[in-house]
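Protein chains in written order, with my numbering: chain E, 1 to 426; chain U, 1001 to 1426.
Protein chains: 2
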Amino acid sequence: MTQISEAKKRKITEQIKNVAKNENIDLEKIRRRVASGKIVIPFNPIHSPKSLGIGKGLRVKVNANIGTSREHCDVKEEIEKAKVSMEAGTHAVMDLSTGGDLDKIRTSLIKTVDIPFGTVPIYQTGIEAIEKHGAIVDMTEDEMFNMFEHQAKQGVDFAVVHVGVTKVSVERLQRQKRLIPMVSRGGSFHMAWILHNKQENPLYKNFDYLLEIASKYDVTLSLGDGMRSGAVYDSNDRAKFQELLIIGELVDRAREKGVQAMVEGPGHMPLNDIQSNIQVMKTVTNEAPYFVLGPLVTDVAPGYDHFVGGIGGAVAGLAGADFLCYLTPAEHLALPDKDDVREGVVAARIAAHAADLARGIDRDMDFNFSKAREDLNWEEMFDLCIDSKKAREYREKRLPLEDTSACSMCGKLCAIEMVKKYLRKR
Amino acid sequence: MTQISEAKKRKITEQIKNVAKNENIDLEKIRRRVASGKIVIPFNPIHSPKSLGIGKGLRVKVNANIGTSREHCDVKEEIEKAKVSMEAGTHAVMDLSTGGDLDKIRTSLIKTVDIPFGTVPIYQTGIEAIEKHGAIVDMTEDEMFNMFEHQAKQGVDFAVVHVGVTKVSVERLQRQKRLIPMVSRGGSFHMAWILHNKQENPLYKNFDYLLEIASKYDVTLSLGDGMRSGAVYDSNDRAKFQELLIIGELVDRAREKGVQAMVEGPGHMPLNDIQSNIQVMKTVTNEAPYFVLGPLVTDVAPGYDHFVGGIGGAVAGLAGADFLCYLTPAEHLALPDKDDVREGVVAARIAAHAADLARGIDRDMDFNFSKAREDLNWEEMFDLCIDSKKAREYREKRLPLEDTSACSMCGKLCAIEMVKKYLRKR
């Protein structure tokens, strides 16, 4: 019993009901789109997170990646980061931990997080393989599937599987002569495994078995973007599209078997490539929900990648992307701390909202805010803005001295005050 | 003798030569575009700034606004802000001071700034009118023109004139029923003046006289955006387009009289309105250089408006905008300090570069950077990135402990390292 299998039977789950209400969209429309796989609701009953719809016609959503690394591992800090990300308004959290007691970290985080929770099971598989067998490439098929089920049992709502990294797509990658061949961590585990063992990716070869497990726990598959471009130079190339074509077929199979599936996307990509990437993705997957990382519209701004990804994310959202994976200012440089997490979530939320506005969604938010601005009603503005705390701090840093309700940039020369006096004569 | 009048006579000025070299574009192409007014080179010989081309086919440029307010006035701080903005890579600086000894501040700043320097002469006119006559609306015609010439003599390279705020456009504004009628400070001075005095805007009525003065000093006119939308709700409305049509005619007249002119643009505007705004602007001005403020793609994110404007700026640049006025995190809240200025310039530069990349310009910057990334050559990356200082700080905050050239996010699980070992076998 999964959201999609119920929806196909014309049953309205509690989660479908909640999504329809939250998004203010007709219930039957949501049900049809869940049934056809154009909307996913990541919801593993073991975890039972808040209902979140991702996909066609819905608000663009935001995901925050947290997790330890082999370099820096502190469970308390990760719990704090999870809390900060939720306070800042993320819609989902992924645990990408690779250091410390991974099961302990994951179970602690699942308890903390009341929104959809995602993982990349191949990380733990690979890390345990280093310990057990000496190398990532010595992971066994069984270990891959068992780990997926192990995490599903822990309550994971959505899980990344790099099923498009196959013999065919790796071969295409080798011929592609990329500037940076691969930047996906999970993708690189599979690529190395395929080349080292001269065998097909087990998750691809036995995809039906993966679907069986996913269906049992209603884990939403996030079909991983192993071939995503790590440099704008490599954007929208044959290796990436090869993976996407393979993934498109697997989306069909997931839907047939009653498994929810979304698709992951780039990556580094110049602004002018974004629309075509999304249009092609939507065509070859028959409008699967699209979960994008960025896109990063330039390579050269480490320290500002939350912003670089926000530019790409806003444009992607307008073009049809459904779910934005945040980036933090620490991206490409270090493991983010909780301040980075906060900055990352706010930046991605701004990008998502900019895309929503452009699609005619939530325009009342800006209308109400600007009405308060016209009235120079600061308390109301702080209440309605995306980050009250920061806005308030800025205003208080330099409060106007003159007797004015304006700000210290214009003081008594405020245009809004001039309008009141001369245009409106009130 | 102005850049455009020389170019029309088929003369190649030193500045045209420099622009052609900087942009790596054929000299004759630059000369033709300066002659037709599609490129401006703000260059008042009294100031003699570095040569900067703005317009068709060139890199997107960035402007930083600095200046005192009536609320906060410290000349040394403004000089520091000017320096910080130049170090961060701004291409032009505008002094919007409204507090303190405006002439002293301006002459100090002009000495500090070796790139094009802009002002809004009506600010000083209005402020002096308060002192002399008691109110902004008591400015005289002579005072307006004299102030423009006064600042031209001080060496101002480009000056904003709100010549599109006329009886006709103000009437259209009154009928428009905007959420926020007007947010342009200079625009509101003229709007109030027109309504109070029941007379036409002198700068519009006697535009030929303005052209005479501008031509004498080769001050580039920046035809001000008095009717810009201050809320996404008011974007692309009749009041704005009315002003633009008037401005389009004045651009023609400026070109005829050998005066360089660019046009200012919005403002608050949802993402989906940007392209049409720019296409219409380019049509009705016969491709005048477009200087945009943002655009701000949502109203609700005070504290992050440098980012909100960067999203809009990147999309605008791709659609044809030529010159991005930065926003700082303090926008709408307070007068920016030097850290805000720095953040603002970097954000606008990222947006400008994202637009350039998408138009096929400066792709080698990203290519070279990503080559260094593939080599995990950190020093080279720091040298080639947009803000070395910040990137270095992030990496050093959490340096990897393991023996690896990767970063502390992935450590030994770095995909690039996996590629080296398995895909490239080197």
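For every residue, glycine included, the Cβ atom is placed at its ideal position computed from N, Cα and C.
Asked	Found
Nearest CA to the CA of U/R1178: which residue from E/L413, E/M281, E/E374?	E/E374
On the criterion of 16 or more Cβ atoms from any shown chain inside 10 Å, does E/D134 qualify as buried, or is it exposed?	For the record, residue 134 of chain E in the displayed sequence is Gly; it is not Asp. Counting Cβ neighbours within 10 Å, E/G134 comes out exposed, since fewer than 16 surround it.
Return the residues of the segment 179 to 212 of chain E that lie within a Cβ-Cβ distance of less than 8 Å from chain U, sorted by chain order.	L179, I180, P181, M182, V183, S184, R185, G187, S188, F189, M191, A192, L195, H196
Buried or exposed: U/E1078, going by 16 or more other Cβ atoms within 10 Å of its Cβ?	buried
Does the distance from the C-beta atom of U/R1031 to that of E/C410 stay below 9 Å?	no
Use the C-beta contact count for E/R106: other C-beta atoms within 10 angstroms, 16 or more gives buried, fewer gives exposed.	buried
For E/A354, which residues from the same chain have a beta carbon less than 7 Å from its beta carbon, with the 5 sequence-adjacent residues on both sides left out?	A314
Is U/E1171 a contact residue of the ligand FAD, with contact defined as CB to any heavy atom under 8 Å?	The ligand content of the structure shown is nil, which means the ligand FAD is not present either.
Is it buried or exposed, U/T1166, if we count other Cβ atoms within 10 angstroms and call 16 or more buried?	buried
Mind listing, in chain order, the continuous beta strand (DSSP E) runs of no fewer than 3 residues lying wholly within the segment 129 to 187 of chain E?	158 to 161
Whole-angstrom Cβ separation of U/A1288 and U/L1324, contact assumed at under 8 Å?	Between U/L1324 and U/A1288 the Cβ distance is about 16 Å, and since that is not below 8 Å, they are no contact.
Any Cβ of chain U within less than 9 Å of the Cβ of E/N272?	yes
What's the gap between the Cα of U/V1161 and the Cα of E/S388?	35 Å
Determine whether the Cβ of E/C463 lies closer than 9 Å to any Cβ atom of chain U.	Within the shown structure, residues of chain E are numbered from 1 to 426, placing residue 463 of chain E beyond reach of any answer.
Taking only beta carbons into account, state which residues of the segment 286 to 312 of chain E come closer than 7 Å to chain U, listed in chain order.	V297, T298, D299, V300, A301, P302, G303, Y304, F307, V308, G310, I311
If I'm right that E/M381 touches U/P1302 with Cβ under 8 Å, what's the distance once you round it to whole angstroms?	7 Å
Go through its chain and collect everything with a Cβ distance to E/G100's Cβ below 6 Å, but skip five positions before and after it.	T68, C73
Check the Cβ-Cβ distances between U/A1355 and every residue of chain E, and say whether any is below 9 Å.	yes
So U/P1266 packs on U/D1157, CB below 8 Å; how close in whole Å?	Contact flag wrong, Cβ pair sits at about 23 Å.
Expressed to the nearest angstrom, what Euclidean distance is found between the alpha-carbon atoms of E/T283 and E/L333?	35 Å
Assign U/R1426 to buried or exposed, taking buried as 16 or more other Cβ atoms, counted over all protein chains shown, within 10 Å of its Cβ.	Summary for U/R1426: the model assigns pLDDT 45, below 50, so the residue's position carries little reliability, and this model does not support an answer.
Counting C-beta neighbours from all protein chains within 10 Å, is the total for E/M418 16 or more, i.e. buried, or is it exposed?	buried
Between the alpha carbons of E/R70 and E/I25, how many angstroms are there, rounded?	44 Å
Is U/R1426 close to chain E, meaning its C-beta is less than 9 Å from at least one C-beta of that chain?	Confidence at U/R1426 is low in this model, with a pLDDT of 45, below 50, so its placement is unreliable and the value that follows should be read with caution. Chain E, which has no Cβ nearer than 9 Å to the Cβ of U/R1426, makes this no.
So which of U/I1180, U/G1258, U/K1198, U/I1213 has the shortest CA-CA distance to U/M1227?	U/I1180
For U/S1005, which residues from the same chain have a beta carbon less than 6 Å from its beta carbon, with the 5 sequence-adjacent residues on both sides left out?	G1258
Quick check on the DSSP output: the beta strand (DSSP E) that includes U/N1022 runs from which residue to which?	Premise fails: U/N1022 lies in the alpha helix (DSSP H), 1014 to 1023, not in any beta strand (DSSP E).
What does U/F1367 reach in chain E if we use C-beta pairs closer than 8 Å?	L179, A231, Y233
Using a Cβ-Cβ cut-off of 9 Å, state whether E/A88 counts as contacting chain U.	no
Are the C-beta atoms of U/P1045 and some chain E residue less than 9 Å apart?	no
By Cβ distance below 6 Å, which residues in the same chain neighbour U/L1102 in space, the five residues on each side in sequence not counted?	Q1124
Counting C-beta neighbours from all protein chains within 10 Å, is the total for U/P1270 16 or more, i.e. buried, or is it exposed?	buried
Using a Cβ-Cβ cut-off of 9 Å, state whether U/D1387 counts as contacting chain E.	yes
Closer than 8 Å is the cut-off here; do at least three beta carbon pairs connect the segment 1189 to 1196 of chain U with the segment 1244 to 1262 of chain U?	no
Using the C-alpha atoms, what's the distance from E/P336 back to E/R175?	35 Å
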